[in-house]
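Written out below as structure tokens is the structure these notes cover.
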Amino acid sequence: PFRTADRIPPRGDHEPGEYANLVRRAMDSFKRGDLFEVVPGQMFYERCETQPSEISRKLKSINPSPYSFFINLGENEYLIGASPEMFVRVNGRRVETCPISGTIKRGDDAISDSEQIIKLLNSKKDESELTMCSDVDRNDKSRVCDPGSVRVIGRRQIEMYSRLIHTVDHIEGRLREGMDAFDAFLSHAWAVTVTGAPKLWAMRFIEQNEKSPRAWYGGAIGMVNFNGDMNTGLTLRTIRIKDGIAEVRAGATLLFDSIPEEEEAETELKASAMLSAIRDAKTGNSTSTERASARVGDGVNILLVDHEDSFVHTLANYFRQTGANVSTVRTPVPEEVFDRLKPDLVVLSPG
Numbered sequence: 034p035f036r037t038a039d040r041i042p043p044r045g046d047h048e049p050g051e052y053a054n055l056v057r058r059a060m061d062s063f064k065r066g067d068l069f070e071v072v073p074g075q076m077f078y079e080r081c082e083t084q085p086s087e088i089s090r091k092l093k094s095i096n097p098s099p100y101s102f103f104i105n106l107g108e109n110e111y112l113i114g115a116s117p118e119m120f121v122r123v124n125g126r127r128v129e130t131c132p133i134s135g136t137i138k139r140g141d142d143a144i145s146d147s148e149q150i151i152k153l154l155n156s157k158k159d160e161s162e163l164t165m166c167s168d169v170d171r172n173d174k175s176r177v178c179d180p181g182s183v184r185v186i187g188r189r190q191i192e193m194y195s196r197l198i199h200t201v202d203h204i205e206g207r208l209r210e211g212m213d214a215f216d217a218f219l220s221h222a223w224a225v226t227v228t229g230a231p232k233l234w235a236m237r238f239i240e241q242n243e244k245s246p247r248a249w250y251g252g253a254i255g256m257v258n259f260n261g262d263m264n265t266g267l268t269l270r271t272i273r274i275k276d277g278i279a280e281v282r283a284g285a286t287l288l289f290d291s292i293p294e295e296e297e298a299e300t301e302l303k304a305s306a307m308l309s310a311i312r313d314a315k316t317g318n319s320t321s322t323e324r325a326s327a328r329v330g331d332g333v334n335i336l337l338v339d340h341e342d343s344f345v346h347t348l349a350n351y352f353r354q355t356g357a358n359v360s361t362v363r364t365p366v367p368e369e370v371f372d373r374l375k376p377d378l379v380v381l382s383p384g
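Remember, the working numbering sits 33 above the position in the sequence shown when you count from 1.
Structural data, given as structure tokens:
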């Protein structure tokens, strides 16, 4: 059975501002030519007071993702994930990956989302991040795929999640004769999007500079079918619970022109959905991303006059979301309609 911790953990393995200093150390490595990019992370801690299964339900509600999972590992250890990123997928001889790099915060509505997307697509830094990741990914595939079969079939595609907008490339190749899904899996280990480039130098930097072990972070979870096909996702946006303490690791892709404070803020943003799931499960609050309409219209009768435009039903829908009773009548409106409906409010549609 799940047991809570009898201690309050620290905020994380970095004090505020320490991750920004780590970014500055990485920038020194960029200047020397040791690295092109690197993806170090920091850990956040939270005390768990509710069942991990309830946290998993909250996370699925807050941050639905293509690779969601909940695993009881035994000995009071649990993994809860909502990963956005495919690691390796193999169908027959076709191998695919979808590296994610380039991140921006969601807007408050569809209009501000579109403005954020434009800003993300116009960012040369975010474009360089993804280009570098895809170049390394294509190199990984070239080890096990037929010559000429590795290609980018989707470039800087937009994927939207509860709090973040990402850019994603879609890359495929055809496995050589004698190669199988496990060869494809191992040739990509571990993903450039959680290590960097060159991979070995990036992993050395991470080993020397991260303050805590990654454990399950940056690994993969998925399935292998009896026919040899494979579908795996990266263990990102993952909560590890051990002895009642939740660990949430998040990283940022660093380049030579990174702004340290912005990269630190990005790691906090990436971790926020997981931390909210833990806190909301504890308090019983609804998810912070739900945008429930205020029921200010309960008991209000609205007469909506239709002037033969194409927007009247959309307007009626908005009013009904407030709890109001809406009657739509085509103009001209007979006087007896007013006597019968006794509206509290009369709204004239455009037209």
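Glycine is no exception: its CB is placed at the ideal position from the N, C-alpha and C atoms. This structure is a prediction, so every number in the text was calculated from the model and none was measured.
Item: Reference I133, options D202, K174, L55, closest by Cα; Value: D202
Item: Nonlocal neighbours in the same chain, by C-beta distance under 7 angstroms from S182, ignoring five residues either side; Value: G206, R207
Item: Collapsed DSSP secondary structure at Q149 in the structure displayed; Value: helix
Item: Cβ distance (whole Å) where A399 is taken to contact S195 below 8 angstroms; Value: The chain is shown only over 34 to 384; residue 399 falls outside these bounds and no answer can be derived.
Item: For Q190, the residue or residues it bridges with in DSSP; Value: V201
Item: Beta-carbon proximity check, R282 vs R247, cutoff 9 angstroms; Value: yes
Item: Where A143 falls, given that 16 or more other Cβ within 10 Å makes a residue buried; Value: exposed
Item: Validate contact between the segment 95-115 and the segment 153-165 using beta carbons, cut 8 angstroms, 3 pairs; Value: no
Item: Unbroken beta strand (DSSP E) run spanning K275, endpoints; Value: 271-275
Item: I292 classed as buried or exposed, judged by whether at least 16 other C-beta atoms fall within 10 angstroms; Value: exposed
Item: Secondary structure of K138, DSSP reduced to three states; Value: strand
Item: D377 versus L336 - alpha carbon distance; Value: 8 angstroms
Item: Element boundaries [alpha helix (DSSP H), containing T300]; Value: 293-316
Item: Helix, strand or coil at I335 [DSSP, three-state]; Value: strand
Item: In DSSP terms, what R207 is bridged to; Value: R127
Item: Assigned exposure category for G66 - 16 Cβ within 10 Å defines buried; Value: exposed
Item: Stretch-stretch touch, CB-based, cutoff 8 angstroms, three pairs: the segment 60-75 with the segment 115-127; Value: no
Item: Helix, strand or coil at C166 according to DSSP, with G and I counted as helix; Value: helix
Item: N- and C-terminal bounds of the beta strand (DSSP E) containing T83; Value: Where T83 is concerned, there is no enclosing beta strand (DSSP E), given that its DSSP letter is neither H nor E.
Item: Bridge-paired residues (DSSP) for A115; Value: S101
Item: Residues sharing a beta bridge with I278, DSSP; Value: R80, K275
Item: 6 angstroms Cβ shell around R57 - same chain, five flanking residues per side excluded; Value: P293
Item: Closest by C-alpha distance to A314, when choosing among T37, G45, A59, C81; Value: C81
Item: Contact set for L308: own chain, Cβ-Cβ below 7 angstroms, skip 5 residues either direction; Value: F77, E79, V281
Item: Own chain residues within Cβ distance below 7 angstroms of I41, not counting five before or after; Value: R80
Item: Pairwise C-alpha distance: D141 and R324; Value: Low confidence applies to R324: its pLDDT is 46, below 50, so where it sits in the model is not reliable enough to give any reading.
Item: Spatial distance of V345 from A53 (CA atoms); Value: 52 angstroms
Item: S321 versus A310 - alpha carbon distance; Value: Residue placement at S321 is flagged as unreliable, the pLDDT there being 44, under the threshold of 50; a coordinate-derived value is accordingly withheld.
Item: Residue burial classification, T300 (beta-carbon count within 10 angstroms, cutoff 16); Value: buried
Item: Coarse secondary structure for N260, derived from DSSP in three states; Value: coil
Item: contact_flag[the segment 258-267, the segment 84-93] where n(CB pairs < 8 angstroms) is 3 or more; Value: no
Item: Cα-Cα separation between R328 and Q354, rounded to whole angstroms; Value: 8 angstroms
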